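In the working numbering, the protein residues as written are 33 to 389. Glycine included, each C-beta is placed from N, C-alpha and C at the ideal position. Nothing here was measured: the structure is a model prediction, and the numbers come from that model. Have a look at the structure below, then the notes.
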Amino acid sequence: MSDIPNQDDGQRLSQQEAVELLPWQQSLWDDLLHRESRSGLPHALMFTGPSGLGKHALALRTAHWLLCSRRTSKGLQHACGECHSCRLWQAGNHPDVMLCQPEDGSRQIRIEGVRRVNEFLNQTPQISPCQVVILHPAEVLNTNSANALLKTLEEPPGESFLILESERPGSVLPTIRSRCQSMMLKLPELAESIAWLQQQGIEAQLAEKALRHNHFAPLAALSWLQADGWGTHQQWLGILEQWGSGQTRLGDTMQSWKSVELYDLLSWMALLLSDITKARSGVAESALTESEIKNRFPCATVSLTNLLALHARVTQVLGEINSGASHHNRQLLLESVLIDWQTLLKSDGSTYGGNGA
Ligand SMILES: [Zn+2]
């Protein structure tokens, strides 16, 4: 994870993230420069777009550029990398930037964090022509912290910029959203993403599979592959197949997933259920995330009602986890999803006859 020194804990910035502009970020960057040259940037920007496109890296890059001491005098389109401000940035020691994100294991940005932002912006810049705060991400501001931020967003003190990141701007309070200018990072075309992954040394076919498994977001696909997401996923699928057909017990199935994140398990489940729904409606196999799904699961015969109900349930929990409002008991939740899954596969009454638990 990121990390600008947040004035309290002195975390250091990982430079790599800040420097590189990825191909699909170019048009947003050009747009940003255009706005800046035309009428100056608004004090509150919100970078939106799906995860896995590098929104945070782009926010860091923007902050670095805004802070650069030579930006305005020389009309630079990138941070110079040489001035005092840029050197402090590179050392991860810049006093005029603050990162506000969930702390202490919380999934939300609490009011204490926003109070520190307000105090920080009430000081004057020490090195740079301005101060920058990055909110990472905006959708996890709780109601109190969002309210505490409103006045600052409305009239930021002095020369300061707030950069908010959000992959679900619809979950950000409208009062916050309406005070920011949104800029959206869009998913690149599939071919562009495959080409980029190939440049990172990934073979084209695997690149496409990884993209399909990661909502077509290239950075997400890359880190998934680097963490052997493909292998883990295939293993998961095999276990799910065995459980569905009654070849393993519930306890063993749960045990084999104990080191996999709940969110990942549910995301895969949501994708698989969506694939089965498509396969059931006659969508071509090549358009599905999972290949050979029709051979592995009785797609044609499962009950559509049960299928949609389970899909709705899994996506609802995913939404709750995303919003930071989830308090699910992992074991109970997974067990009940697994039982629903087995029931779903048995719903045609012929192919599968599990004796499960
Ligand atoms: Zn500079």
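Neighbour-count burial assignment, histidine 75, 16 or more Cβ in a 10 Å radius | Stepping through the sequence shown from its first residue, residue 75 is reached at position 43. Its Cβ being crowded by 16 or more others within 10 Å, histidine 75 is buried.
Cβ of glycine 473 within 7 Å of any heavy atom in ligand 1?
-> Within the shown structure, residues of the chain are numbered from 33 to 389, placing residue 473 beyond reach of any answer.
For alanine 76, the three-state DSSP class (helix, strand or coil) = Residue mapping note: residue 76 aligns to position 44 of the sequence shown, counting from 1. In the three-state scheme derived from DSSP, where H, G and I count as helix and E and B as strand, alanine 76 is classed as strand.
Where glycine 381 falls, given that 16 or more other Cβ within 10 Å makes a residue buried = By one-based count along the sequence shown, residue 381 stands at place 349. Per-residue confidence for glycine 381 stands at a pLDDT of 43, beneath the threshold of 50, marking its modelled position as unreliable; no derived number is given.
Cβ neighbour criterion (16 or more within 10 Å) applied to asparagine 361 = Position 329 of the sequence shown holds residue 361. With fewer than 16 other Cβ atoms within 10 Å, it is exposed.
Start and end of the beta strand (DSSP E) containing leucine 85?
-> Taking the first residue of the sequence shown as position 1, residue 85 is located at position 53. Run containing leucine 85: none; DSSP gives neither H nor E here.
Report the option in Gly190, Leu167 and His126 whose CA atom is closest to the CA atom of threonine 156.
-> The count along the sequence shown starts at 1 and reaches residue 156 at position 124. The residue with the shortest Cα to Cα distance from threonine 156 is Gly190.
By how many angstroms is the C-alpha of phenylalanine 329 removed from the C-alpha of glutamate 403?
-> With the chain running from 33 to 389 in the structure shown, residue 403 is simply not present.
Do you know whose CA, among Leu85, Leu53 and Ala253, lies nearest tryptophan 97's CA?
-> Sequence index remark: in the sequence shown, residue 97 carries index 65 (1-based). Taking only the C-alpha atoms, the option nearest tryptophan 97 is Leu53.
For leucine 339 versus leucine 365, is the C-beta spacing smaller than 8 Å?
-> The residue you call residue 339 lines up with position 307 of the sequence shown. The residue you call residue 365 lines up with position 333 of the sequence shown. In this structure, leucine 339 keeps its C-beta atom at 8 Å or more from the C-beta atom of leucine 365.
How would you call valine 315, buried or exposed, if buried means at least 16 neighbouring beta carbons within 10 angstroms?
-> Taking the sequence shown and counting its residues from 1, the one referred to as residue 315 is at position 283. Around the beta carbon of valine 315, a 10 Å sphere encloses fewer than 16 other beta carbons of the protein chains shown; the residue is thus reported as exposed.
Rounded straight-line distance, which links the Cα of cysteine 112 to that of glutamine 158 | On the sequence shown, position 126 is the one that residue 158 refers to. On the sequence shown, position 80 is the one that residue 112 refers to. Approximately 18 Å, taken between the alpha carbons.
By how many angstroms is the C-alpha of methionine 301 removed from the C-alpha of glutamine 47?
-> The residue labelled residue 47 in the question sits at position 15 within the sequence shown. The residue labelled residue 301 in the question sits at position 269 within the sequence shown. With a pLDDT of 42 at glutamine 47, under the threshold of 50, the modelled position of this residue cannot be trusted; read the value that follows with caution. For glutamine 47 and methionine 301, the distance between alpha carbons rounds to 35 Å.
Taking the C-alpha atoms as reference points, what is the distance between glutamine 266 and threonine 285?
-> On the sequence shown, position 234 is the one that residue 266 refers to. On the sequence shown, position 253 is the one that residue 285 refers to. Their Cα atoms are separated by approximately 14 Å.
Cβ-Cβ separation, alanine 236 to glycine 84 (assumed contact under 8 Å), whole Å | Your numbering for residue 84 matches position 52 in the sequence shown. Your numbering for residue 236 matches position 204 in the sequence shown. About 19 Å separates the Cβ atoms of glycine 84 and alanine 236, ruling out a contact at the 8 Å cut-off.
Rounded to a whole number of angstroms, what is the C-alpha to C-alpha distance between leucine 297 and glutamate 352?
-> Counting from 1 along the sequence shown, the entry for residue 297 is found at position 265. Counting from 1 along the sequence shown, the entry for residue 352 is found at position 320. Roughly 15 Å between the two C-alpha positions.
Cβ neighbours of histidine 168 in the same chain (closer than 8 Å, five flanking residues each side left out) | The residue given as residue 168 occupies position 136 in the sequence shown. Around histidine 168: Ser34, His88, Ala91, Leu131, Cys132, Gln133 and Glu197.
C-beta atoms of serine 192 and glutamine 163 nearer than 8 Å | Your numbering for residue 192 matches position 160 in the sequence shown. Your numbering for residue 163 matches position 131 in the sequence shown. Taking a C-beta distance under 8 Å as the contact criterion, serine 192 and glutamine 163 qualify as a contact pair.
Relative to the alpha-carbon of histidine 66, which residue among Met215, Ala259, Ala311 and Leu257 has its alpha-carbon at the smallest distance?
-> Numbered from 1 along the sequence shown, position 34 holds the residue referred to as residue 66. Ranking Met215, Ala259, Ala311 and Leu257 by Cα distance to histidine 66 puts Met215 first.
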